[in-house]
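Quick note: to get the numbering used here, add 26 to the position in the sequence shown (first position is 1). Heads up, the beta-carbon is just placed ideally off N, CA and C, and yes, glycines get one too. Only one structure is covered here, and it is reproduced in the block below.
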Amino acid sequence: MQLYNSLSRQKEPFTTVEPNKVKMYTCGPTVYHFAHIGNLRTYIMEDVLDKYLRFSGNDVLRIMNITDVGHLTSDGDTGDDKMLKGAKREHKTVMEIAKYYTDAFFSDCKKLNIKTPEVVQPATGCIPEFIDAVQKLLEKGYAYEAGGNVYFDTSKLEQYYRFHDFKEEDLEDGVREGVEKDDNKRNKADFVLWFTKSKFDDQELKWESPWGLGYPGWHIECSCISMKYAGEYLDLHCGGIDNMFPHHTNEIAQSESLIGHEWCRHWFHVHHLNDETGKMSKSKGEFLTVSLLEEKGFDPLAYRFFCLQSHYRKSLVFSWDNMKNAQTAYNKLVAKIRTLLNEQDAVDETKKAELLKAFTEAMDNDLNTAQAVTVLYDILKADTTAATRLACIEELDKVLSLDLIGHAKALADAEQDAAQEIPAEVLALVEQRKEARKAKDFAKADALRDEIAALGWQIRETRQGTEITKM
Ligand code: AMP
Ligand code: ZN
Numbered sequence: 027m028q029l030y031n032s033l034s035r036q037k038e039p040f041t042t043v044e045p046n047k048v049k050m051y052t053c054g055p056t057v058y059h060f061a062h063i064g065n066l067r068t069y070i071m072e073d074v075l076d077k078y079l080r081f082s083g084n085d086v087l088r089i090m091n092i093t094d095v096g097h098l099t100s101d102g103d104t105g106d107d108k109m110l111k112g113a114k115r116e117h118k119t120v121m122e123i124a125k126y127y128t129d130a131f132f133s134d135c136k137k138l139n140i141k142t143p144e145v146v147q148p149a150t151g152c153i154p155e156f157i158d159a160v161q162k163l164l165e166k167g168y169a170y171e172a173g174g175n176v177y178f179d180t181s182k183l184e185q186y187y188r189f190h191d192f193k194e195e196d197l198e199d200g201v202r203e204g205v206e207k208d209d210n211k212r213n214k215a216d217f218v219l220w221f222t223k224s225k226f227d228d229q230e231l232k233w234e235s236p237w238g239l240g241y242p243g244w245h246i247e248c249s250c251i252s253m254k255y256a257g258e259y260l261d262l263h264c265g266g267i268d269n270m271f272p273h274h275t276n277e278i279a280q281s282e283s284l285i286g287h288e289w290c291r292h293w294f295h296v297h298h299l300n301d302e303t304g305k306m307s308k309s310k311g312e313f314l315t316v317s318l319l320e321e322k323g324f325d326p327l328a329y330r331f332f333c334l335q336s337h338y339r340k341s342l343v344f345s346w347d348n349m350k351n352a353q354t355a356y357n358k359l360v361a362k363i364r365t366l367l368n369e370q371d372a373v374d375e376t377k378k379a380e381l382l383k384a385f386t387e388a389m390d391n392d393l394n395t396a397q398a399v400t401v402l403y404d405i406l407k408a409d410t411t412a413a414t415r416l417a418c419i420e421e422l423d424k425v426l427s428l429d430l431i432g433h434a435k436a437l438a439d440a441e442q443d444a445a446q447e448i449p450a451e452v453l454a455l456v457e458q459r460k461e462a463r464k465a466k467d468f469a470k471a472d473a474l475r476d477e478i479a480a481l482g483w484q485i486r487e488t489r490q491g492t493e494i495t496k497m
């Protein structure tokens, strides 16, 4: 498979340390609020990648962190503490907020057919590992204590910047939301590994550490959680494009300083979903969530379909019109598949392999889901048996997870139920027949049965009463 690697900045063959075994890490959500559908675009595309790697014959170990501590509103070390802000907003404790929004996140994922990773690890469950890593970085001379905090010293690295050619002088000081720049930092790009001198007096979660009572910086969690479950070598690391800097740059800096060799060979970044005003946000305007989609009558899987229609390396604009179009297209697909369900023909294996080849070609080309959707339409139009087309769709849907056949079957069932609705005329005749039987006028009852049959309905006396079915 050819996959774009943000580290080499080119498409290249995707390879693993151990053949056919993929160790994959996903930066998980910060659980201070609901995920917006932009966040979920990233998780949908990562889910497709995970499933396609399995489809191609790999074993995948997928690891995801849950950020429940340490993430400030800027991805650097400035701004408010996101979890604390969430807790104050809702008059709850940080751990209550974390539990509530972690559950909400997985409930959204379920609706979008996003599989839960094999390992899901909240950051607060790994504090000893973080302390150990910070201690090792200090011992190795990659970190320093200043003003009570521990910082990573980016000047110790030959190459700190990875995904962008940033220069130190281009970086902002991180002055944002009234927060002063941090004079403890020796270099502008240095970042906090462990906070003890928190600017938040009311910081709720604190742990004892060799540097005093405090809490971890945001970046250290992903390095440590990844190594806890995947060891020193990771094959694939994923996230949204905003994670590249400083988060992933810092993850690489501290991980490789710890282990002394390359950590992760392949980096996969999903570009953003934007609304029509530009950036998607949890604080301003309409907060776009899966629940809001549902409230407006959309099927979450139609949103998944919307995401699959475009390539993960292009930014995508969300509008309600675009969403309506996606829902209409999705309904049409399901209706078309529904027509294949009643055919009683056989699978043409040669044709099936040929059609699936077009799918794997699309996906092997940097996970081109837009092309894969085109292949889906081609399959529906293909000159072959219904069973072949259905078999192909079943295979594709192992990766695309649009529940196309499930929805088509549900549609068929709904049609059948509608067809089963008994007309009032028939019900009236059934009533008359009941009366006739009560009056022991069996000749009339038989005549009524024939009349009902002439309208296409059959009646049968059972212990539960009179059963009426379509003939
Ligand atoms: P957060 O919960 O803020 O840590 O973000 C969770 C994931 O969503 C991260 O991988 C982000 O990179 C990603 N993300 C944030 N905003 C967007 C967006 N507008 N479109 C796509 N992905 C996003
Ligand atoms: Zn991360």
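(request) Report yes if the CB atom of proline 154 is closer than 8 Å to the CB atom of isoleucine 89, and no otherwise. (result) As a first step, residue 154 is located in the sequence shown; it is residue number 128 there, counting from the start. As a first step, residue 89 is located in the sequence shown; it is residue number 63 there, counting from the start. In this structure, the beta-carbon distance from proline 154 to isoleucine 89 does not fall below 8 Å.
(request) Look at the alpha carbon of proline 242 and the alpha carbon of threonine 42, and state the distance between them as a whole number of angstroms. (result) Here residue 242 refers to the residue found at position 216 of the sequence shown. Here residue 42 refers to the residue found at position 16 of the sequence shown. So the two alpha carbons sit approximately 31 Å from each other.
(message) For a test of your reading of the model: does the CB of leucine 299 fall under 7 Å from any non-hydrogen atom of the ligand AMP? Yes or no.
(response) What you label residue 299 is simply residue 273 of the sequence shown in a count that begins at 1. Yes, the Cβ of leucine 299 comes within 7 Å of a heavy atom of the ligand AMP.
(request) May I have the straight-line CA-CA distance separating arginine 212 from leucine 183, to the nearest angstrom? (result) The residue given as residue 212 occupies position 186 in the sequence shown. The residue given as residue 183 occupies position 157 in the sequence shown. Straight-line Cα distance between these residues: approximately 14 Å.
(message) Between the alpha carbons of aspartate 443 and lysine 470, how many angstroms are there, rounded?
(response) By 1-based counting over the sequence shown, the position of residue 443 is 417. By 1-based counting over the sequence shown, the position of residue 470 is 444. Taking the straight line from one Cα to the other gives about 31 Å.
(message) Using C-beta distances below 6 Å, list every residue in its chain close to valine 373, excluding the 5 sequence neighbours before and after it, in chain order.
(response) Here residue 373 refers to the residue found at position 347 of the sequence shown. Same-chain partners within the cutoff: Ala413, Thr414 and Ala417.
(message) Judging by CA-CA distance, which residue of Ile431, Asp392, Met71 and Pro326 is the nearest neighbour of glycine 265?
(response) Taking the first residue of the sequence shown as 1, we reach residue 265 at position 239. Per the Cα distances, Met71.
(message) Measuring only the C-alpha atoms, how far is glycine 482 from leucine 453?
(response) By one-based count along the sequence shown, residue 482 stands at place 456. By one-based count along the sequence shown, residue 453 stands at place 427. Between glycine 482 and leucine 453, the alpha-carbon positions lie close to 12 Å from each other.
(message) Suppose contacts are defined by Cβ-Cβ distances below 8 Å. Is arginine 364 in contact with asparagine 139 by that definition?
(response) By one-based count along the sequence shown, residue 364 stands at place 338. By one-based count along the sequence shown, residue 139 stands at place 113. Contact flag unset, no.
(request) Please find out if some non-hydrogen atom of the ligand ZN comes closer than 7 Å to the beta-carbon of glutamate 72. (result) Numbered from 1 along the sequence shown, position 46 holds the residue referred to as residue 72. Flag unset: Cβ of glutamate 72 not near the ligand ZN.
(request) Kindly indicate which three-state DSSP category isoleucine 363 falls into: helix, strand or coil? (result) Within the sequence shown, the letter at position 337 stands for residue 363. Three-state result, isoleucine 363: helix.
(message) Given 7 Å as the limit, tell me if valine 48 has its C-beta closer than that to any heavy atom belonging to the ligand AMP.
(response) What you label residue 48 is simply residue 22 of the sequence shown in a count that begins at 1. For the ligand AMP, not one heavy atom lies less than 7 Å from the Cβ of valine 48.
(request) May I ask which residues mark the beginning and end of the alpha helix (DSSP H) holding alanine 256? (result) Taking the sequence shown and counting its residues from 1, the one referred to as residue 256 is at position 230. That run of the alpha helix (DSSP H) goes 246–256.
(request) Look at the alpha carbon of leucine 98 and the alpha carbon of arginine 188, and state the distance between them as a whole number of angstroms. (result) The count along the sequence shown starts at 1 and reaches residue 98 at position 72. The count along the sequence shown starts at 1 and reaches residue 188 at position 162. Roughly 22 Å separates the two Cα atoms.
(message) Give me the residue from Leu75, Pro55, Gln28 and Val456 with the minimum Cα distance to lysine 424.
(response) As a first step, residue 424 is located in the sequence shown; it is residue number 398 there, counting from the start. From the listed residues Leu75, Pro55, Gln28 and Val456, the smallest Cα separation to lysine 424 is found for Leu75.
(request) Answer yes or no: the CB of glutamate 282 versus the heavy atoms of the ligand ZN, is any distance below 7 Å? (result) On the sequence shown, residue 282 is found 256 positions in, with the first residue counted as 1. No, the ligand ZN has no heavy atom inside 7 Å of this Cβ.
(request) Using only the heavy atoms of the ligand ZN, determine whether one of them is closer than 7 Å to the beta carbon of cysteine 12. (result) Residue 12 lies beyond the residue range present for the chain, which begins at 27 and ends at 497; the question has no answer from this structure.
(message) From the DSSP secondary-structure annotation, give me the bridge partner or partners of glutamine 147.
(response) Locating residue 147 in the sequence shown gives position 121, where the first residue counts as 1. Checking the DSSP bridge columns, you'll see glutamine 147 partnered with Asn91.
(message) Considering Cα atoms alone, identify which of His190, Phe271, Asp261 and Asn175 is closest to proline 236.
(response) Residue mapping note: residue 236 aligns to position 210 of the sequence shown, counting from 1. The option with the nearest alpha carbon to proline 236 is Asn175.
(message) Going by DSSP in three states, tyrosine 187 sits in which element: helix, strand or coil?
(response) Position 161 of the sequence shown, counted from the first residue, corresponds to residue 187. In the three-state reduction of the DSSP assignment, tyrosine 187 falls in the coil class.
(request) Would you mind sorting aspartate 133 into buried or exposed? The rule is 16 or more other CB atoms within 10 Å of its CB. (result) Taking the sequence shown and counting its residues from 1, one reaches residue 133 at position 107. The identity of residue 133 in the sequence shown is serine, whereas the question assumes aspartate. So serine 133 ends up on the exposed side.
(message) For methionine 497, count the other beta carbons within 10 Å of its own beta carbon; 16 or more makes it buried, fewer makes it exposed. Which is it?
(response) Taking the sequence shown and counting its residues from 1, one reaches residue 497 at position 471. Exposed is the call here.
(request) Keeping to the same chain, check which residues put their C-beta closer than 7 Å to that of tyrosine 168; ignore five residues upstream and five downstream. (result) Here residue 168 is taken as the residue at index 142 of the sequence shown, counted from 1. For tyrosine 168, where only same-chain residues beyond five positions count, the Cβ hits under 7 Å are Phe178, Asp179, Lys182 and Ser283.
(request) State the CB to CB distance for the pair aspartate 20 and leucine 314, rounded to an integer number of angstroms; the pair is presumed to be in contact (CB under 8 Å). (result) The chain is shown only over 27 to 497; residue 20 falls outside these bounds and no answer can be derived.
(request) Flag this pair as yes or no: are the beta carbons of lysine 248 and asparagine 91 separated by less than 8 Å? (result) The count along the sequence shown starts at 1 and reaches residue 248 at position 222. The count along the sequence shown starts at 1 and reaches residue 91 at position 65. Position check: residue 248 holds cysteine in this sequence, whereas lysine was assumed. Going by C-beta atoms, cysteine 248 is nearer than 8 Å to asparagine 91.
(request) Please confirm whether arginine 339 and histidine 273 have their CB atoms less than 8 Å apart. (result) Position 313 of the sequence shown holds residue 339. Position 247 of the sequence shown holds residue 273. In this structure, histidine 273 does not lie closer than 8 Å to arginine 339 by Cβ.
(message) What residue range does the beta strand (DSSP E) around leucine 262 cover?
(response) Counted from its first residue, the sequence shown places residue 262 at position 236. 260–266 is the extent of the beta strand (DSSP E) around leucine 262.
(request) Could you tell me whether the Cβ atoms of isoleucine 431 and glutamate 420 are closer together than 8 Å? (result) Residue mapping note: residue 431 aligns to position 405 of the sequence shown, counting from 1. Residue mapping note: residue 420 aligns to position 394 of the sequence shown, counting from 1. Closer than 8 Å, so yes.
(request) Check whether the Cβ atoms of asparagine 543 and glutamate 38 lie closer than 8 Å to each other. (result) No statement about residue 543 is possible, as the shown extent of the chain runs from 27 to 497 and does not include it.
(message) Between asparagine 65 and the ligand ZN, is there a pair consisting of the residue's CB and a ligand heavy atom that are separated by less than 7 Å?
(response) Locating residue 65 in the sequence shown gives position 39, where the first residue counts as 1. If you check the C-beta of asparagine 65 against the ligand ZN, you find no heavy atom less than 7 Å away.
(request) Return the CA-CA distance between isoleucine 63 and leucine 299, expressed in angstroms with no decimal places. (result) In the sequence shown, residue 63 corresponds to position 37, counting from 1. In the sequence shown, residue 299 corresponds to position 273, counting from 1. Using only the alpha carbons, I get a separation of about 8 Å.
(request) State the DSSP-derived secondary structure class of histidine 292, mapped to helix, strand or coil. (result) One-based indexing of the sequence shown puts residue 292 at position 266. Note: histidine 292 maps to strand in three-state DSSP.
(request) Could you tell me which uninterrupted beta strand (DSSP E) segments, each at least 3 residues in length, are contained entirely in the stretch 28–101, listed from first to last along the chain? (result) 28–31, 36–39, 47–52 and 85–92
(request) Give a single yes or no on whether glycine 499 has its beta carbon closer than 7 Å to a heavy atom of the ligand ZN. (result) One cannot answer for residue 499 here, as it falls past the ends of the chain, which runs 27 to 497.
(request) May I ask you to check if the CB of asparagine 269 is nearer than 7 Å to at least one heavy atom of the ligand ZN? (result) Here the question's residue 269 lines up with position 243 in the sequence shown. Yes, the Cβ of asparagine 269 comes within 7 Å of a heavy atom of the ligand ZN.
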